[in-house]
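One structure is given below, encoded as structure tokens.
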Amino acid sequence: MERRIDRIYEYVCDHAHVTTKEVADALQIQRTNASKDLNLLVKEGALQKTDGRPVRYFAQVQQSGLAQVTKEAFSADQVERPEKRILAKPQGDVFSRIIGSTGSMKNAVDQAKAAILYPPRGLNCLITGPTGSGKTFFAHAMFQFAQSQLVIDPERELVVFNCADYANNPELLMSHLFGYVKGAFTGADSDKEGLIQQADGSMLFLDEIHRLPPEGQEMIFYFMDHGSYNRLGETGKNHTADVRIVGATTEDPHSSLLDTFIRRIPISIQMPPFNSRPPAEQIDLVRVMVAMEANRIQRKITLAEDVVKALLGSVTYGNVGQLKSNVQLVCARGFMLHMNQDKISITLNDLTDGIKSGLVQLSADRLKTTDISPYLEPKMIVTPNEIDNLIRTDTYELPYNLYDIIGDKAALLKMEGLDQETINHFISTDINIHLKSFYKDHGFTFDTETRLAEFVDKRVIETSNRIAALVSERLNTYFQQNFVYAMSLHISSFLKKIHEGETRETNANIREMATNYPKEFQVAKEIRKLVEQEFQVKIPESEDYYLTVLLVSLREDQPTGKIGVVVAAHGNSTASSMAQVVRELLDVTNLKAVDMPLDMHPRTAFEKIREAVLQVEEGSGVLLMVDMGSLASFNDELQKDTGIAIRTLDMVTTPLVVEAARKSSVLGSGLEELYESLKGFRGYGKVAPMENPKVEGKQAILAICASGEGTAQRLKEIIEWPLKQRKLDHIEVLTLSVTEINQKIPEFKKDYKIIATTGIMDPKIGVPYIPMEKFINQRADQVIDELLLENDLENQQEVELTHETARALCITFMEESYTFINPKKIIEPVWRLADSVIANDGQSADYALMVNFVMHMAGAIERGILNQPLHIDKATLTEYQHVTDNTVLNRGLNDLENQLKVTFPASERYYIYQLLKNHEELVQ
4 MERRIDRIYE YVCDHAHVTT KEVADALQIQ RTNASKDLNL LVKEGALQKT
54 DGRPVRYFAQ VQQSGLAQVT KEAFSADQVE RPEKRILAKP QGDVFSRIIG
104 STGSMKNAVD QAKAAILYPP RGLNCLITGP TGSGKTFFAH AMFQFAQSQL
154 VIDPERELVV FNCADYANNP ELLMSHLFGY VKGAFTGADS DKEGLIQQAD
204 GSMLFLDEIH RLPPEGQEMI FYFMDHGSYN RLGETGKNHT ADVRIVGATT
254 EDPHSSLLDT FIRRIPISIQ MPPFNSRPPA EQIDLVRVMV AMEANRIQRK
304 ITLAEDVVKA LLGSVTYGNV GQLKSNVQLV CARGFMLHMN QDKISITLND
354 LTDGIKSGLV QLSADRLKTT DISPYLEPKM IVTPNEIDNL IRTDTYELPY
404 NLYDIIGDKA ALLKMEGLDQ ETINHFISTD INIHLKSFYK DHGFTFDTET
454 RLAEFVDKRV IETSNRIAAL VSERLNTYFQ QNFVYAMSLH ISSFLKKIHE
504 GETRETNANI REMATNYPKE FQVAKEIRKL VEQEFQVKIP ESEDYYLTVL
554 LVSLREDQPT GKIGVVVAAH GNSTASSMAQ VVRELLDVTN LKAVDMPLDM
604 HPRTAFEKIR EAVLQVEEGS GVLLMVDMGS LASFNDELQK DTGIAIRTLD
654 MVTTPLVVEA ARKSSVLGSG LEELYESLKG FRGYGKVAPM ENPKVEGKQA
704 ILAICASGEG TAQRLKEIIE WPLKQRKLDH IEVLTLSVTE INQKIPEFKK
754 DYKIIATTGI MDPKIGVPYI PMEKFINQRA DQVIDELLLE NDLENQQEVE
804 LTHETARALC ITFMEESYTF INPKKIIEPV WRLADSVIAN DGQSADYALM
854 VNFVMHMAGA IERGILNQPL HIDKATLTEY QHVTDNTVLN RGLNDLENQL
904 KVTFPASERY YIYQLLKNHE ELVQ
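The sequence shown runs 4 to 927 under my numbering.
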């Protein structure tokens, strides 16, 4: 039977200049299928198409009179690229058709023109801007402007190179740029010219130029200075070329490029982020993106006003590139829902929850909403041919027709007898997969936690993190990096269904598949019960089957290689010296060292560690061993950037590296198992047994306030965050009241090794006391690092408090800790009260007590507003009533009650009294 694509090709050959509709009608096939095959034939070179509308297809023989067309006559490279078509307009110069060329992009356009026209050969330039802001598109515009001004031959091509493709192999990167000679390296069987030679007389666009290694930057700037270069394997600079160089980066050039390199690029062009562009430009960009989709499906598209608002509000980190992704998703879903209609009308109900949340984001920004309102219409109506009058930003153009995929999939599923709702579910999944995979391949990196928090409740994400730990423990297997992402979305979805009273029947195939995985099925039951407990809902047992399938789907294959080991230490040769000892002892190959001179920029250190991680990865993860706790903060970012499982150990020593290399060389050993075994490693010598292993294992930081519930609880939250980030599960933060110090601390010492105290007073128990203002004034993670590195915190420079800094500290604490009080209004009366009851000689220690007092009073006021006072037992109350002789304090509290219209009951006054009393006793 003749293939459909062959029938289409024969019809076009027999009928000159036909449209998609004519082909579909004549051959009685779906229009989407006709479009798909026609574009495939164009891509392969068998057919060509016109630029006008409607698009018409013809065989080359019909235009040139040639007797036969072969695929070889039209290679993929000869098919006109989107970027070439985008700017090909007869009227005005190319920049005049860029949205914002007389607005937010005016300075960029003026700089670009100057760089291109500057005699005699133009100026090299660097385009900077966040991901998705249009750097690549602007480089293509610069190239076409240069051609239009005849400074570059119209027949020449723009040469594009992404430096990230070979960033981890500098030799290969250099061979691509400069070429190589025969025998330069294994596999170099003949001479090969590089991209520099290909770009002779033209322009070379170096995308992600910050990924060029230092030696690459040096070779490039030598070429910029002299116009000459050598190929890999040559000794002299034997070749010359006339090349205009344009680079692009998302990074700060001064932190990611050599100063000597930056000095040779006189013009730096900044692309504006989407949200900083004027409202009129933002709406024009939405219209452009929608017009491109209307042109693709040859149907009118109408967007309700709220849809436009949601699209504008949905753009966060990805700028114009993210807007395009969201527009494609919206239009694809609209096409799916209205596939059999002549026009696509998209309303708010057609949007995904993620994009719909953009409407909420925009509404929350009243200033932006006000600015955009004058430019909005009740409906945005876009016709298929409207793209001809607009600039087409095809930087992130899909390499396939997504609408063909939707049409084909829908027809296939309908033939299988599926109902429309199920078809929509499958197609929605396909749309997301296609778009996400494409944009991931084109340089978008999405911070999962941040992105997820935009449309999933944080409690769901936290629960998913707990589930991830539970699953790893129960199943002892590896899971994909997106486990938390997928689990969060799944939980959020079925919680919503339960809330709305929906139920779903278990598919027989799902049930059968789940029964084949009994271990996962048991874990799924635990997950269901955990979610039930966390969210206080009753979840049907049928959900166990879906959770089982999700667990199986997210599981990765078991690792196949050795665990990699990377040693990173400050100093010119510290890490390499340790690695050299290990190599001599064990002859290992899975070990890399990263030396970090003390003046090395942290970003440079990160990149070097990242390269080392990629080099030693064999499929079983990487153990990173560092000399300082602050380097451990790279762990999460490295995992997200590389997709490799990484665990980090600090306080590295040579014996520890030897032990890590020895154990990691055993094929099949697990990263988590290796990490846990090395945490307690204390060298190869004889180690005296620990007297109290129970105490050694559990450590505690005490947070003290008057009640044990107010300020102490807030301090507990501040300290627990860096502990959680560093996975220091053996350290707990315990809160207690000043009234319980003598009773509780001896009890705590039985179960914990107390390593520090903080709060409103120093209990003097022989461990470092960290003033609470340190945690508020400084980064908590830095304070924790100092503590864990066993620095002498007693001798650390204290936070010097003055009248102004102490008040500012109180306001900051209140703003971050309380909901119902206005810090800037209550600071004055509360400060006056503190001044009346605390003897203040202007010393920092006096202001520290003032801060403690004000913070406690803020908690008491908030509790008074909420009518949730602290409580004490009757015996304590009676005792307090017999000694409460502080007339100044009581009078001051009475005045404060009248001013603020709150009540301080005897229980609250007791804790205020105890705060001052304990301080006096300690001073005496």
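Note that the Cβ used here is the ideal one computed from N, Cα and C, for glycine as well. Everything numeric in this text was worked out from a predicted model, so none of it was measured.
Suppose contacts are defined by Cβ-Cβ distances below 8 Å. Is residue i in contact with residue j by that definition?
i, j, result
"L351", "V318", "no"
"V45", "A37", "no"
"I119", "F141", "no"
"I199", "A244", "yes"
"L737", "A759", "no"
"G567", "V625", "yes"
"R299", "K346", "no"
"P276", "N322", "yes"
"A650", "L617", "Going by the sequence as given, residue 650 is Arg instead of Ala. No; because the gap between Cβ atoms is not below 8 Å, this pair is not in contact."
"V597", "D630", "no"
"A144", "I102", "no"
"G316", "Q273", "no"
"V246", "L207", "yes"
"I814", "P826", "yes"
"F98", "S104", "yes"
"A571", "M603", "no"
"A944", "V487", "The structure shown does not extend to residue 944, since the chain is modelled only from 4 through 927, so no value can be given for it."
"T263", "F226", "no"
Starting from residue i, trace the beta strand (DSSP E) both ways and give me its first and last residue.
i, result
"E218", "Not the beta strand (DSSP E): E218 falls in the alpha helix (DSSP H), residues 217-229."
"Y772", "772-774"
"V385", "382-385"
"I470", "From DSSP, I470 is part of no beta strand (DSSP E) but of the alpha helix (DSSP H) over 461-478."
"S740", "734-740"
Give me the DSSP bridge partner(s) of residue i.
i, result
"F164", "L209"
"V568", "L594, L626"
"Y232", "H242"
"S271", "L129"
"F61", "Q51"
Which class does residue i belong to by DSSP, given the choice of helix, strand or coil?
i, result
"Y121", "coil"
"M654", "coil"
"T2", "Only positions 4 to 927 of the chain appear in the structure, and residue 2 is not among them; the question remains open."
"V154", "coil"
"L370", "helix"
"R912", "helix"
"Y549", "helix"
"H573", "strand"
"G686", "For G686, the pLDDT reaches just 46, beneath the cut-off of 50, and the residue's location in the model is therefore unreliable, although a value from the coordinates is still provided. The answer is coil: DSSP assigns G686 none of H, G, I, E or B."
"D598", "strand"
"G182", "strand"
"L129", "strand"
"A759", "strand"
"K346", "strand"
"L306", "strand"
"T906", "coil"
"L919", "helix"
"I824", "coil"
"I707", "strand"
"Q31", "coil"
Output the boundary residues of the alpha helix (DSSP H) element that contains residue i.
i, result
"Q939", "Not covered by the structure: residue 939. The range shown for the chain is 4 to 927."
"M295", "282-300"
"A335", "322-340"
Please decide whether residue i counts as near chain B, where near means a Cβ-Cβ distance under 8 Å.
i, result
"E831", "Of the protein chains in this structure there is only one, and it is not chain B."
Quick test of the definition: if touching needs 3 or more C-beta pairs under 8 Å, does the region 350-368 touch the region 263-272?
no
Decide if the region 175-188 is in contact with the region 121-138; the criterion is three or more beta carbon pairs, one per stretch, under 8 Å apart.
no
Touching or not, the region 163-174 and the region 271-288, by the rule of three or more beta carbon pairs under 8 Å?
no
Within the chosen definition, does the region 846-857 reach the region 809-819 through at least 3 CB pairs nearer than 8 Å?
yes
When the Cβ atoms of the region 640-656 are set against those of the region 514-532, are three or more pairs found closer than 8 Å?
no
Taking contact to mean 3 or more Cβ pairs, one atom from each stretch, closer than 8 Å, check whether the region 887-907 and the region 749-759 are in contact.
no
contact_flag[the region 328-342, the region 382-389] where n(CB pairs < 8 Å) is 3 or more:
no
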